[in-house]
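A.B. asks:
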Amino acid sequence: MSQALLQLDEVVKRFPVRDTLGRRAGAVHAVDGVSLAVEEGETLAIVGESGCGKSTLGRLMLNLISPDSGTVRFGGEDLARLSAGALRARRRHMQLIFQDPFASLDPRMTVEQAVAEPLRLHGIVPRSQERARVADLLSRVGLRPELARRWPHEFSGGQRQRIAIARALASQPKLIVGDEPVSALDVSVQAQVVNLLSDLIRDLGLTFVLISHDLGVVRHVADRVAVMYLGRIVEQGPAEDVLTDPRHPYTRALLAAVPGHGTKAPPIEGDVPSPISPPPGCRFHTRCPFVEDRCRVTVPLLSAAPHAVACHLDGRLPPPAPRPGRLAGGERLRRLQSFFRAPSPQPGVPQ
Amino acid sequence: MSATSPAVATAAGESPGRRALRRFLRHRLAVFGLVIVVAFILVAILAPVIAPYDPLQTSWSRIRRPPSWEFWMGTDENGRDVLSRVIWGARASLMAGVVSVLGALVIGVPLGLLAGLAGGWVDAIISRIADAMLSVPFLILAIALAAFLGPALENAMLAIAITASPVFVRLSRGMTLDAKSTDWIEASRALGNPPWRTAFVHVLPNIIPPLLVQATLAIAEAIIAEAALSFLGLGQQPPDPSWGSMLNSSQRFLTQAPWLSIFPGVTIMVVVLAFNLMGDGLRDALDPRSEKS
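Sequence order for the protein chains is A and B. Each residue of the first sequence is one higher than the one before, starting from 1 at the first, in UniProt numbering. Each residue of the second sequence is one higher than the one before, starting from 1 at the first, in UniProt numbering.
#1: Since residue 292(A) is in the beta strand (DSSP E), which residue starts that stretch and which ends it?
#2: Buried or exposed for residue 234(A), please, with buried defined as at least 16 other CB atoms from any protein chain shown within 10 angstroms of its CB.
#3: What are the residues in the region 168 to 184 of chain B lying within 9 Å of chain A by C-beta distance?
#4: Look at the alpha carbon of residue 13(A) and the alpha carbon of residue 207(B), and state the distance between them as a whole number of angstroms.
#5: According to a CB-to-CB cut-off of less than 7 Å, which residues of the region 186 to 215 of chain A neighbour chain B?
#6: Going along the region 105 to 133 of chain B in order, which residues come within less than 8 Å of chain A, judged by CB to CB distance?
#7: Starting from the C-beta of residue 32(A), find all residues in its chain whose C-beta is less than 7 Å away, skip the five residues before and the five after it, and write them out in chain order.
#8: Cα separation between residue 48(B) and residue 165(B)?
#9: Along chain D, which residues have their Cβ under 8 Å away from the Cβ of residue 155(B)?
#10: Against residue 95(A), what residues of chain B qualify as contacts under a CB-to-CB distance less than 8 Å, listed in chain order?
#11: Hey, is residue 276(B)'s beta-carbon within less than 7 Å of any beta-carbon in chain A?
#12: Are the beta-carbon atoms belonging to residue 23(A) and residue 16(A) less than 7 Å from one another?
#13: Of the residues 110(A), 315(A) and 182(A), which one's Cα is nearest the Cα of residue 154(A)?
#14: On the DSSP bridge list, what partners appear for residue 176(A)?
#15: Would residue 202(B) pass as an interface residue toward chain A - the criterion being a Cβ-Cβ separation below 7 Å?
#16: Apart from the five residues on each side of it in sequence, which residues of its chain come closer than 6 Å, Cβ to Cβ, to residue 286(A)?
#17: How should residue 121(B) be labelled, buried or exposed, when 16 other C-beta atoms within 10 angstroms of its C-beta is the threshold for buried?
#18: When we look at the beta-carbon of residue 271(A) and count the other beta-carbons within 10 Å, is it buried (16 or more) or exposed?
#19: For a cutoff of 7 Å on Cβ pairs, would you count residue 285(B) as touching chain A?
#20: Considering only C-alpha positions, which residue in the set 333(A), 35(A), 240(A) and 94(A) is nearest to residue 216(A)?
#21: Since residue 14(A) sits in a beta bridge, which residues does DSSP pair it with?
#22: By DSSP, does residue 74(A) sit in helix, in strand, or in coil?
#23: Need the endpoints of the beta strand (DSSP E) that residue 176(B) sits in, please.
#24: Do you know offhand how far residue 139(A)'s Cα is from residue 197(A)'s?
#25: Do residue 121(A) and residue 169(A) come within 7 Å of each other at the CB atom, strictly closer than that value?
#26: Look at the Cβ atom of residue 169(B), then the Cβ atom of residue 130(B), and state whether they are nearer than 7 Å.
#27: Can you have a look at residue 344(A) and say buried or exposed, based on whether 16 or more other CB atoms are within 10 angstroms of its CB?
#28: Along chain B, in chain order, which residues have C-beta atoms closer than 8 Å to that of residue 334(A)?
#29: For residue 182(A), name the three-state secondary structure that DSSP assigns.
#30: Out of 242(A), 37(A) and 19(A), which has the shortest C-alpha to C-alpha gap to residue 7(A)?
#31: I need the straight-line Cα distance from residue 43(B) to residue 115(B), nearest angstrom please.
What follows is the structure in structure tokens.
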């Protein structure tokens, strides 16, 4: 195994919560001791409910926020130890795609200016070739280069996300983190953008970290999956294994919650506990249907790779309810994609 | 490669600035204000050409004449033509308004950007000073500063600039904080922009609209402040005309020669009103919430 491009070790991030007088009243445990490695060329998906710390983890990977403890190494370098200038220079190699394409583009910059900005910042092409490069990038993401002079407000969500992708690709990064890159888009457009992303990942050999709660999307692009719950990774492994043979009760519940799954699995009870005072022991024990005494006291550790799981009951869980061979979300997505990708629709697809 | 994008339906490549201009021009009162302001700017520039008399030329033979065909606005206590003095006074008043507000922008906006982006104790210090200045009534502070600096038009403008700057500090700080929480500012950092570039390339252009509106309204206020300072003898010094100092010298003749105060007074009112109308129109045109084009 080669050296990981991105290596996180026991990363912790807490956000202080202050009361009305501005005194510290506790902290949100957004990310609590996460260790991860992303190999060059692979696509890692991080999945979990809203508020489980996925986005914080994404920001930590790029050192947009710095960890309270633990290290984030990119290409072997500890990002927290770099000077501000050196860190800015490294940003050329790591880019972020935001969830909301209506907020991530500066409304006072044309498409050309936005896409050219990273080119200019990192001196990637001489000024004279800037325009050609921008046109290149735009056609790469499926936009007509003539649109370069337009303003972001003239585009739809899907088109804006394509612009944001072009901007992220401009500096030829080694790593792209996509923070819910398609969840703000219409379902039909989602399929297009997911296709675009998986094409780009394949053609450019990108290393991609996909943060998502949509298991259908994850299944379509990810090589590996890490499942997060309340700031911790509860299961991690090759996408196929995790999605077809989930070993953590939470992962099972997530998969059962995918609409159109076939079998009606009982939903998990209750809400996510407050991340300000997370429950002791296994964080999932308040909602876990298989909870034992031990779960309430001892924190389960992540078992060994490749398919790692943090559960005391690992191996003793009752087999999951029988499920259709294919994940329903993936099926639905594939059907949608067939509309947009192939010039002639596949046989058997309802028109 | 996936499908190419469908065609964009909106008007081709209209910049946010052009859209605002188009909307401003549809706002009748605002255009009216703009016309008056432009007219006064022309009057101020062309004063030597269009003033019928020398504004400083005194004459014992025509003291306090009422308005007539010869002297449209009458003559003052020294026999000077009031119309010519109002025309020349436009220079002092508009200068004072525009220059002092520019000064306030130059002082206030960088401080506001700094406070908003830096946060922490930098923000605390800058904001508390601005709050302290805002707690003193505008004119009182301007008068105190102008008295401290000494009576001269330049000092009055400086005093007004300093007095008006905390509003811009507060406004640009607030807008910066607003912008700071948006994804595109985080995106700018993620792309590798240094902080100063984020401030001037991404934050500043996005906070210009409210600053522009505030500046237009502040010009009106500054013109009043200049008139007030001149009225108190702290602004334009005699014999040079300014609307405020004309009001000052006319107060002794309010009953015998009301035209001495009416004409400069009405002129101030009209110009201030025009700036305010323009400011309101700008606000409507630039307000991103009224998106109907």
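Cβ coordinates follow ideal geometry from the N, Cα and C atoms, glycine included. Source: prediction; values computed, not measured.
C.D. replies: According to the structure shown:
#1: One-based indexing of the first sequence puts residue 292(A) at position 292. It is not in any beta strand (DSSP E) - residue 292(A) carries neither H nor E in the DSSP assignment.
#2: Here residue 234(A) refers to the residue found at position 234 when the first sequence is read from its first residue. Classification of residue 234(A): buried, given that the 10 Å Cβ count is 16 or more.
#3: 182, 183 and 184
#4: Counted from its first residue, the first sequence places residue 13(A) at position 13. Counted from its first residue, the second sequence places residue 207(B) at position 207. Cα to Cα, residue 13(A) sits roughly 32 Å from residue 207(B).
#5: 192, 195, 196 and 199
#6: none
#7: Reading the first sequence from its first residue, position 32 is the one you call residue 32(A). So the list reads 12, 231 and 232, once near-sequence residues are dropped.
#8: One-based indexing of the second sequence puts residue 48(B) at position 48. One-based indexing of the second sequence puts residue 165(B) at position 165. So the alpha carbons of these two residues sit roughly 33 Å apart.
#9: No chain D is present in this structure, whose protein chains are A and B.
#10: What you label residue 95(A) is simply residue 95 of the first sequence in a count that begins at 1. By Cβ distance, chain B contributes 190 and 191.
#11: By 1-based counting over the second sequence, the position of residue 276(B) is 276. False, the Cβ-Cβ gap to chain A never drops below 7 Å.
#12: Within the first sequence, numbered from 1, the residue matching residue 23(A) stands at position 23. Within the first sequence, numbered from 1, the residue matching residue 16(A) stands at position 16. No, the Cβ-Cβ distance between residue 23(A) and residue 16(A) is not below 7 Å.
#13: Against the first sequence, residue 154(A) aligns to sequence position 154. The candidate whose alpha carbon is nearest that of residue 154(A) is 110(A).
#14: By 1-based counting over the first sequence, the position of residue 176(A) is 176. For residue 176(A), which the question treats as bridged, DSSP gives the partners 95(A) and 208(A).
#15: Taking the first residue of the second sequence as position 1, residue 202(B) is located at position 202. Taking Cβ atoms only, chain A reaches closer than 7 Å to residue 202(B), which makes this a yes.
#16: Residue mapping note: residue 286(A) aligns to position 286 of the first sequence, counting from 1. Only 273 and 279 meet the Cβ criterion.
#17: On the second sequence, position 121 is the one that residue 121(B) refers to. Residue 121(B) is exposed by the Cβ-count criterion.
#18: Here residue 271(A) is taken as the residue at index 271 of the first sequence, counted from 1. Flag for residue 271(A) reads exposed.
#19: The count along the second sequence starts at 1 and reaches residue 285(B) at position 285. No, no contact with chain A.
#20: Taking the first sequence and counting its residues from 1, the one referred to as residue 216(A) is at position 216. Taking only the C-alpha atoms, the option nearest residue 216(A) is 333(A).
#21: The sequence position of residue 14(A) within the first sequence is 14, counting from 1. Paired residues: 29(A).
#22: Reading the first sequence from its first residue, position 74 is the one you call residue 74(A). It is a strand residue.
#23: In the second sequence, residue 176(B) corresponds to position 176, counting from 1. Counting along the chain, residue 176(B) falls outside any beta strand (DSSP E), though it belongs to the alpha helix (DSSP H) covering 153 to 180.
#24: Residue numbering aside, residue 139(A) sits at position 139 when the first sequence is read from its first letter. Residue numbering aside, residue 197(A) sits at position 197 when the first sequence is read from its first letter. Between residue 139(A) and residue 197(A), the C-alpha separation is close to 14 Å.
#25: On the first sequence, residue 169(A) is found 169 positions in, with the first residue counted as 1. On the first sequence, residue 121(A) is found 121 positions in, with the first residue counted as 1. No, these two residues do not count as a Cβ contact at 7 Å.
#26: Looking up residue 169(B) in the second sequence gives position 169. Looking up residue 130(B) in the second sequence gives position 130. Closer than 7 Å, so yes.
#27: The count along the first sequence starts at 1 and reaches residue 344(A) at position 344. With a pLDDT of only 49 at residue 344(A), under 50, the local geometry of the prediction cannot be trusted, and the value read off the model is given with reservation. By the 10 Å Cβ count, residue 344(A) comes out exposed.
#28: Position 334 of the first sequence, counted from the start, is the residue given in the question as residue 334(A). Within chain B, no residue comes near residue 334(A); the closest Cβ sits about 14 Å away, beyond 8 Å.
#29: Along the first sequence, read from residue 1 onward, the residue named residue 182(A) stands at position 182. Of the three classes helix, strand and coil, the one that applies to residue 182(A) here is coil, per DSSP.
#30: As a working mapping, residue 7(A) is identified with position 7 in the first sequence. Minimum Cα distance to residue 7(A) is reached at 37(A).
#31: What you label residue 43(B) is simply residue 43 of the second sequence in a count that begins at 1. What you label residue 115(B) is simply residue 115 of the second sequence in a count that begins at 1. Distance between the alpha carbons of residue 43(B) and residue 115(B): 40 Å.
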